[in-house]
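Quick notes on the structure that follows.
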Amino acid sequence: KKNVEEEHIILNSNDLMQFDKKVLSAKPGQKVTLTLNHTGRGSKMIMGHNFVLLKSGVDVDLFARKAVRARDTEYIPEGDEMIAYTKLIGGGESVTISFEAPEKGIYNFICTFPAHYQLMRGQLIVK
Numbered sequence: 001k002k003n004v005e006e007e008h009i010i011l012n013s014n015d016l017m018q019f020d021k022k023v024l025s026a027k028p029g030q031k032v033t034l035t036l037n038h039t040g041r042g043s044k045m046i047m048g049h050n051f052v053l054l055k056s057g058v059d060v061d062l063f064a065r066k067a068v069r070a071r072d073t074e075y076i077p078e079g080d081e082m083i084a085y086t087k088l089i090g091g092g093e094s095v096t097i098s099f100e101a102p103e104k105g106i107y108n109f110i111c112t113f114p115a116h117y118q119l120m121r122g123q124l125i126v127k
């Protein structure tokens, strides 16, 4: 593996159920450090946000339906369909995670808080 520079991504979310970026990019095998900020005021229980990066080929709608039922684990369902995810945060909070970018391809990311994923979604493009 070539040693590629780390990718630092800052992704902001708000009370309007929006991420400020729809497209993120990285190189295969690259270490990605992602910081999710919640710039709104809504509490985690009412307007919580997270970042969930799905493996290639995962059906976003089916995954989101499973996630809604995983309330006890902050809407992170069991299984191996995720590459990486953050904890759920509320207004004024931030969370940072690191993960290795997967192989070349296009990967969907969503917020799994109930009813958010239709608006809060985007793609990580690895090339």
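Going by the UniProt record's numbering, the sequence shown wraps up at 127, each residue one higher than the last. Glycine is no exception: its CB is placed at the ideal position from the N, C-alpha and C atoms. Keep in mind that this is a model prediction, so the values were computed, not measured.
Is it buried or exposed, residue i, if we count other Cβ atoms within 10 angstroms and call 16 or more buried?
i           : result
residue 45  : exposed
residue 117 : buried
residue 98  : exposed
residue 122 : buried
Tell me where the beta strand (DSSP E) around residue i begins and ends.
i           : result
residue 53  : 52-54
residue 84  : 82-85
residue 109 : 105-110
Where does the unbroken alpha helix (DSSP H) through residue i begin, and where does it stop?
i          : result
residue 44 : 44-47
residue 62 : 60-68
Let me check one thing: in DSSP terms, what residues is residue i bridge-paired to?
i           : result
residue 99  : 32
residue 116 : Note: residue 116 sits in no beta bridge, so no partner.
Contact check, residue i vs residue j under 8 Å by CB: the rounded distance?
i           : j          : result
residue 52  : residue 10 : Their Cβ separation, rounded to whole angstroms, is 17 Å, which puts residue 52 and residue 10 out of contact at 8 Å.
residue 108 : residue 60 : 5 Å
Does the contact criterion of 3 or more C-beta pairs under 8 Å hold for the stretch 64-79 versus the stretch 33-42?
Result no; under three Cβ-Cβ pairs closer than 8 Å.
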